[in-house]
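Peer 1: Handing you this structure, nothing more for now.
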Amino acid sequence: MTSFILLIFSLIPLFDLLHPGLPITHDGQDHVARIANFYQSLTEGNIIPRWAGNLNWGYGHPILMFLYPLPSYVASLFHFIGFSFVDSTKLVFAVAYIASIFAMYLWSKSQWGERAGFAAALLYGFAPYRFVDLYVRGAIGEHVAFIFPPLILWATDRKRWLIGTLAVAGLLLSHNAVSLMFAPVIILYILYHRRSFLPIVLGLLISAFFWIPALYEGRYTLRDIVTNEDFAGRFVHFSQFFYTRGNELSKEIGIVGFLIIVSAIVLFFRRREKFLGGVLIVLGISIFLMLPTSQPIWQTVTILQKFQFPWRFLHLVVFCVAVLGGLVMSKVKNQLPVAMFVAIGLLIPTYSMWNAQYYREYPESFFTSVYKGTTDTGESSPIWSVRFMEHEPSVPIEVIDGNAQVEFGLRNTTKREYKVNAQDKTRLLENTLYFPGWQVLVDGQQVPIEFQDPNHRGLMTFAVDSGVHMILVRFTRTKLRLYAELVSLGAFVLLGGMLIYNRKL
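Heads up: the sequence shown at position 11 corresponds to 541 in this note's numbering, and the numbers run straight through without jumps.
Here it is as structure tokens:
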């Protein structure tokens, strides 16, 4: 019965998604464009899509190499079933929201009982920041990432290594910064309960196909230049935790959230429970790192700058408040009225946040054809290219020196074929951004690519001798990507063997 009530509660804020079209959010449109490019690459036989061929005015973009792929895989499944790209994206948001609430319920119920679990799940799902992610920011990766931290803790407690492994991999494939944020919390939890680190190791190995290339090949992008000091103007003033002014992005913790925090502090001084104290410390650090007074720490501990926005620590605050809510509820004798108070206190203040400002309907071709942008702030653009292209190329390939005729053949995301009849030595421009992995083969032989021509910054140029030639331009695995994929494959095989050996995984 409690699960059914929780399901009803979790469905109510999602009704607005039934509105036709796409909610207009900070990132929503760009996420749909990325998913459309991801799906196109999948259908062309790329199990791990890494190149978005239609982005950046058709010059292509390596953003899929650095973009958390799990939401795109799930959305691609929905699209394959028959939903539009917009509806597939909305379904990912809806399913992730419900799944995150039930993940918190599963873990907190196992810790403190049904009603405490119910309260924790509501606190996790109805925190104001959840609706900022859903209806204002359209932050699909962060939204999906909410599923996995409580699931990892539940699997840790129950020694369910298979679920724990998949949950760790799911977190790593859902959002880069959130994974980094929760890593110390998960490690400390495992140490506190003296559990095995095997799920962490296997989860890292399974997701290696993504995070290893994303981490190491990011040096070929503008990542560190574009995002340098990006955090400086994004701190939260303490008053913003209580109320939001005008059209400002809400950073509120919520009235019920603050009551839970105060109750937890009082409870700690009465009982001195280590686990409660640990959660309060994590919460305190998270709040402090959002305040302007923490700026020297952000400048010194440079790994924090990977989070980009200090207020992103609201993700951890939401988690901690939900945990504290379940823990405090477990100490209450008459839990039913308190649970009802929590429900009412969460629903009424957030009711006005359960909708997008407005919706826009797009034709499917808007996302499947050439897209006028990179879908990011340029941080994934190759370091030797301009940050953003400004117009669509007139032709896919052109002669820039010499005399030749070009016949067009196969062209998809990662492969282009041409027949060139050159009257003399000719230089050609492939209107695609260069990134490690692109190769040009002339009559089956790989030839050098020039990608730093000041007249064609970041684009691929190459030379052919006089005569008729078959040209193949293709995007392939680098050695690093190949090794990372083999690591993931090996981890899957190992996990399968362990599952056969011990079905209690």
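Just so it is clear, CB atoms sit at the ideal spot from N, CA and C, and this is done for glycine as well.
Note down the Cα distance separating L779 from T943, rounded to an integer number of angstroms.
Peer 2: Whole-angstrom Cα-Cα distance: 37 Å.
Peer 1: Which of the three DSSP states is assigned to K689 in this structure?
Peer 2: K689: coil per DSSP, three-state reduction.
Peer 1: Which partner residues does L1040 have in the DSSP bridge list?
Peer 2: Examination of residue 1040 is not possible in this model, given that the chain is present from 531 through 1035 alone.
Peer 1: Applying the criterion that 16 or more other CB atoms from any shown protein chain within 10 Å of the CB defines a buried residue, is E960 buried or exposed?
Peer 2: Label assigned to E960: buried.
Peer 1: What residues match up with T832 in a beta bridge as DSSP calls it?
Peer 2: Answer by DSSP bridge pairing: none, since T832 is not bridged.
Peer 1: Rounded to the nearest angstrom, how far is the Cβ of A699 from that of S860, given a contact under 8 Å?
Peer 2: The Cβ separation is near 31 Å, so there is no contact.
Peer 1: From the DSSP output, in three-state form, read off G603 for me.
Peer 2: According to the sequence as given, residue 603 is Tyr; it is not Gly. Of the three classes helix, strand and coil, the one that applies to Y603 here is helix, per DSSP.
Peer 1: Where does H561 fall in DSSP's three states?
Peer 2: H561: helix per DSSP, three-state reduction.
Peer 1: Taking 7 Å as the threshold (C-beta atoms), are I930 and R957 in contact?
Peer 2: Against a cut-off of 7 Å, the Cβ pair of I930 and R957 comes out as a contact.
Peer 1: Any idea which residues DSSP pairs G997 with across the strands?
Peer 2: Paired residue(s): A952.
Peer 1: List the endpoints of the continuous beta strand (DSSP E) containing V972.
Peer 2: It spans W968 to V972 - the beta strand (DSSP E) in which V972 sits, taken as one unbroken run.
Peer 1: Checking 7 Å against the spacing of the C-beta atoms, do F615 and V562 come in under that value?
Peer 2: In this structure, V562 lies closer than 7 Å to F615 by Cβ.
Peer 1: Give the single residue among S996, A852, P743 and H549 whose Cα lies nearest to the Cα of P680.
Peer 2: The option with the nearest alpha carbon to P680 is A852.
Peer 1: Tell me, which residues are paired with H591 by DSSP?
Peer 2: Paired residues: A582.
Peer 1: Once the 5 residues before and after I827 are set aside, which same chain residues still bring their CB inside 8 Å of it?
Peer 2: Correct list, in chain order: L819 and L834.
Peer 1: DSSP has K945 in a bridge; who is on the other side?
Peer 2: The partner list for K945 (beta bridge, DSSP) reads R1004.
Peer 1: With 16 other CB atoms within 10 Å as the buried threshold, where does I534 fall?
Peer 2: Rather than Ile, the amino acid found at residue 534 in this sequence is Phe. Exposed, by the Cβ-count rule.
Peer 1: Touch check for the region 996-1013 and the region 722-736: three-plus C-beta pairs under 8 Å?
Peer 2: Segments in contact, no.
Peer 1: Can you tell me whether DSSP reads T823 as helix, strand or coil?
Peer 2: T823: helix per DSSP, three-state reduction.
Peer 1: If the criterion is Cβ atoms closer than 7 Å, does the pair W587 and K902 meet it?
Peer 2: It is a contact, given that the beta carbons lie within the stated cut-off.
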